[in-house]
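Here's the structure we're looking at; comments come further down.
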Amino acid sequence: MASYSLREMMAIAAARIIRDNDIVFCGTGISMLAAMAAKHINAPHSIIFFETGAIDSKLLELPLAVGDSRVMHGASVNGGLADAFATMQHQWWGSRVIGIMGAAQIDRFGNINTTVIGDYHNPRTRLPGSGGSCDVASFVGRTVIFMKHQKRKFVETLDYITSPGWIDGPEGRKRAGLPGGGPEKVISDLGVMGFDGATREMYLEGCYPGIAPREVTNRTGFKMDISRVSRIEPPTEEELRVLRTVCDPHGLILETPEQ
Amino acid sequence: MESTRHKVMDLETAVSNFVHSGDHLSLGGFTINRNPMAAVFEIIRQHKKDLHVYAHSNGQAVDTLVGAGCIGKLEIAYAGAGLFAPTCLRFKSAVESGRLIVEDYSNYQMTLRFMAGAMGVPFLPTRSGLGSDIIRKWGFSASDRATDPKLPDKKIHVADNPFGTWGDAEKLVFVPAIYPDVTLLHVQTADTQGTVRINGLPFTDIHQANASKRVIVTCEEIVAPENLRRHPEHNHIPFFRVDAVVHAPHGAYPTACYGHYDYDPDFLKSYATAALDDVDYENHLARYIYGPENHAAFLALIGQERLDLIAASAETGYAAGLERK
């Protein structure tokens with residue numbers, strides 16, 4: 001078995017969730033890598049698009065931001081933000097979109113925070129803000145969220161709800177007035193979490209090879225069901241080859257220290 | 260004055276005539292692409308203060324204006340410079356130390372706000388943000404809003420769908436229009452009267468310009484009106500909306516300009532390093548902004564060798580193979 005990094009495992013775990021013919025919205029960094037990997041491995045007919053308005057870009061090189069000129073080259077259409085978000089808010093097309101993003105904090109219902117740590121008016125740490133994250137989380141059928149697995153990031157109560165997940169349970173989105181859909185998976189550096197169909201609470205679905213479910217419990221700030229856990233298959237030689245030689249040959253994301 | 264008049268002028272004149280301290284300013288571009296950097300540097304050189312700035316996702320332009328102390332209030336969705344600075348660093352330290360007040364929206368909400376301004380309606384509806392703190396938590400208090408005639412009394416408003424359940428939406432989020440005093444754009448091509456053509460993604464630039472009372476356009480290339488009028492279907496902003504056209508090659512540097520040049524990873528990395536320390540940052544501003552007397556002198560300082568490295572290849576519109584690590 002080939003050796004691999006956790007970053008590679010995470011990118012592949014997310015790529016495996018993308019289905020052929022999905023319309024994939026992705027943010028900057030590892031989510032972009034996951035979308036590119038899926039396109040070359042398990043979902044060749046998926047359509048990658050960016051909030052900046054580029055649709056089905058010819059990603060010859062890895063973009064370092066969703067506004068990178070690399071997303072503009074060879075696209076089907078270079079629209080604008082208005083077009084990109086309208087597609088996601090669209091009654092029919094929005095439900096076909098899978099959104100992949102990252103966050104600084106997440107709660108058990110998959111609500112996420114990318115705005116501040118601490119009090120909003122007097123923050124300990126200021127983060128970049130929503131960007132398109134709140135829009136995507138509000139509109140699309142399925143979201144996948146990348147997280148670093150730490151107690152201070154998997155929290156009971158968010159410091160700020162930037163982007164709505166299942167809000168507070170099965171009826172949360174409906175009560176808030178949001179369309180159907182919501183968080184589907186959380187990909188951390190320990191494993192993959194899902195959301196229970198009845199309670200909409202996060203549970204441990206699988207651990208990466210060598211990781212014990214106990215470690216997930218220890219590093220989660222709320223009670224998480226680990227009874228359904230399975231072992232996640234490590235990346236195959238082919239998955240690693242695509243990731244390393246096609247998607248990110250210069251290690252721009254795979255070899256950059258975690259921000 | 261004739262709207263077809265010749266609007267070409269130098270950047271010093273454009274900024275001095277059309278940007279005033281206290282203005283509400285909107286910034287075009289996106290994170291590390293087509294930020295109006297030459298115009299921003301000139302605003303800093305001319306010591307404009309207390310600007311009220313609007314952007315959706317902006318990186319380098321917003322952060323440099325914050326760092327130089329030009330911004331009083333900021334309405335934004337995202338302040339980041341891609342992997343070079345996932346959170347803009349001077350923005351981060353200004354907010355954490357209480358020097359900068361921010362009103363947070365999402366990218367689509369900001370886009371709709373510019374669109375509402377451009378359309379002449381007071382607000383537009385969306386389903387984005389229901390259940391989030393973007394609706395519950397306000398950066399500018401209700402009392403501050405009530406006393407400032409240039410701000411709507413509310414940040415945002417949630418209400419029932421006035422058409423019942425039509426469109427399968429029971430509730431909607433209403434976001435207020437933005438009416439900037441001035442918008443800064445950097446584009447590839449403009450003609451002498453102000454008609455604008457953007458290559459690659461226009462982001463929200465067109466709505467931002469159309470919402471604005473005044474527009475300053477810096478560009479890579481100025482052409483004669485008959486040149487752009489041969490293919491009007493490729494043009495984006497009509498001449499009468501624009502007040503100043505400035506020839507500023509590399510006017511988005513160190514951010515990218517599709518078809519002309521890439522972002523400069525070295526400059527963005529050295530900026531991010533300097534931005535971590537107050538003294539280093541002052542030195543950075545002194546060297547790159549206050550030192551050179553204008554945009555041409557700034558480019559001379561950067562040097563042709565750096566500019567050649569980031570030159571876009573004709574085939575892709577960016578610098579293929581550029582060392583970016």
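In the order they appear, the protein sequences are chains P and L. Using our numbering, you'd call the opening residue of the first sequence number 1 and step up by one each time. Using our numbering, you'd call the opening residue of the second sequence number 260 and step up by one each time. By construction, the Cβ of each residue, glycine as well, lies at the ideal position given by its N, Cα and C atoms.
Can you list the residues of chain L that residue i reaches, using a CB-CB cut of under 9 Å?
i	result
P/H264	There is no way to answer for residue 264 of chain P, as the model of chain P reaches only from 1 to 259.
P/E61	T575, Y577, A579, G580, L581, R583
Anyone know if the C-beta pair for residue i and residue j falls short of 8 Å?
i	j	result
P/M10	P/G110	no
L/A222	L/C329	Shown here, chain L extends from 260 to 584; a query on residue 222 of chain L therefore has no answer.
L/P508	L/E479	yes
P/D20	P/F85	no
P/S133	P/T114	yes
L/C516	L/Q467	no
L/I360	L/A327	no
P/I100	P/A2	no
L/V434	L/F382	yes
P/I48	P/V24	yes
Quick one, which of the options has its alpha-carbon nearest residue i's?
i	options	result
P/S230	P/M193, P/E237, P/I253, P/R241	P/M193
L/L487	L/V455, L/T424, L/I330	L/V455
P/C26	P/Y4, P/D56, P/S3, P/A2	P/D56
L/A511	L/L544, L/Q305, L/I569, L/E492	L/I569
L/S391	P/I253, P/F50, P/L178	P/L178
P/M72	L/N292, L/N469, L/I481, L/D419	L/N292
P/N42	P/E239, P/S163, P/C247	P/E239
L/I561	L/P439, L/E582, L/L527, L/P408	L/L527
P/S46	P/R96, P/T256, P/G197	P/R96
P/A150	P/F222, P/V66, P/S31	Here the sequence assigns Gln to residue 150 of chain P, which means Ala is not the residue at that position. Looking at the Cα atoms, P/F222 is the closest of the given residues.
P/C247	P/G29, P/S3, P/M224, P/I106	P/G29
L/T323	L/A578, L/L544, L/D567	L/L544
L/S262	L/V325, L/L581, L/A503	L/A503
L/K472	L/I457, L/R489, L/L443	L/L443
L/K332	L/A436, L/L581, L/V354, L/A534	L/V354
L/D282	L/Y438, L/A573, L/E429	L/Y438
Strictly under 8 Å for the Cβ-Cβ distance: is residue i near chain P by that measure?
i	result
L/M374	yes
L/E429	yes
L/K414	no
L/K396	yes
L/T532	no
L/Y577	yes
L/P345	yes
L/Y438	no
Would you say residue i faces chain L, with C-beta separation under 8 Å as the test?
i	result
P/Q150	no
P/F78	Sequence check: residue 78 of chain P is Asn here, not Phe. Closer than 8 Å to some Cβ of chain L, the Cβ of P/N78 qualifies, so yes.
P/V246	no
P/Q259	Residue placement at P/Q259 is poorly supported in this model, since its pLDDT is 46, which falls under 50; the coordinates still yield a value, given next. Yes - at least one Cβ of chain L is within 8 Å of the one on P/Q259.
P/L6	no
P/G132	yes
P/L243	no
P/L33	no
P/G262	With chain P represented from 1 up to 259, any question about residue 262 of chain P goes unanswered, as that position is not in the structure.
P/A11	no
P/S163	yes
P/H73	yes
P/T143	no
Among the residues of its own chain, which have a CB less than 6 Å from the CB of residue i, if the five just before and after it don't count?
i	result
L/V505	L270, A273, T477
L/S280	K307, K308, D309
P/P209	P234
P/T87	W93
P/Q259	With a pLDDT of 46 at P/Q259, under the threshold of 50, the modelled position of that residue is not reliable, and the figure given next carries that caveat. Excluding sequence neighbours, P/Q259 sits near nothing in its chain.
L/K413	none
L/N317	L286
Run through chain L and tell me which residues come within less than 8 Å of residue i, C-beta to C-beta.
i	result
P/P123	V354, E355
Please return the same chain residues whose Cβ sits closer than 7 Å to the Cβ of residue i, not counting the five positions on each side in sequence.
i	result
P/Q89	F139
L/T463	H315, T370, F373
P/P213	L204, C207, I226, V229
P/V77	I55
Looking at the C-beta of residue i, does it have a partner C-beta in chain C at a distance below 8 Å?
i	result
P/S138	Among the chains of the structure shown, chain C does not appear; the protein chains present are P and L.
Taking Cβ-Cβ distances shorter than 7 Å, what residues in chain P pair up with residue i?
i	result
L/H315	L81
L/I335	G129
L/T370	L81, A82, F85
So which residues of chain P does residue i contact, with C-beta pairs closer than 8 Å?
i	result
L/Y512	Going along chain P, no residue has its Cβ under 8 Å from L/Y512, so there is no contact; the nearest lies around 13 Å.
L/I291	L64, A65, G67, D68
L/R386	Q89, S138, F139, G177, L178, P179
L/F462	T52, G53, G67, G80, L81
L/I496	Simply none; closest approach about 13 Å.
Chain L partners of residue i, CB-CB under 7 Å?
i	result
P/H45	Ordered by position in chain L, no residue passes the 7 Å Cβ test against P/H45, which lies about 24 Å from the chain.
Sorted by chain position, which residues of the same chain lie with C-beta nearer than 8 Å to residue i's C-beta, five sequence neighbours on each side aside?
i	result
L/A483	D450, T451
Against residue i, what residues of chain P qualify as contacts under a CB-to-CB distance less than 9 Å, listed in chain order?
i	result
L/K351	T125, R126, L127, P128
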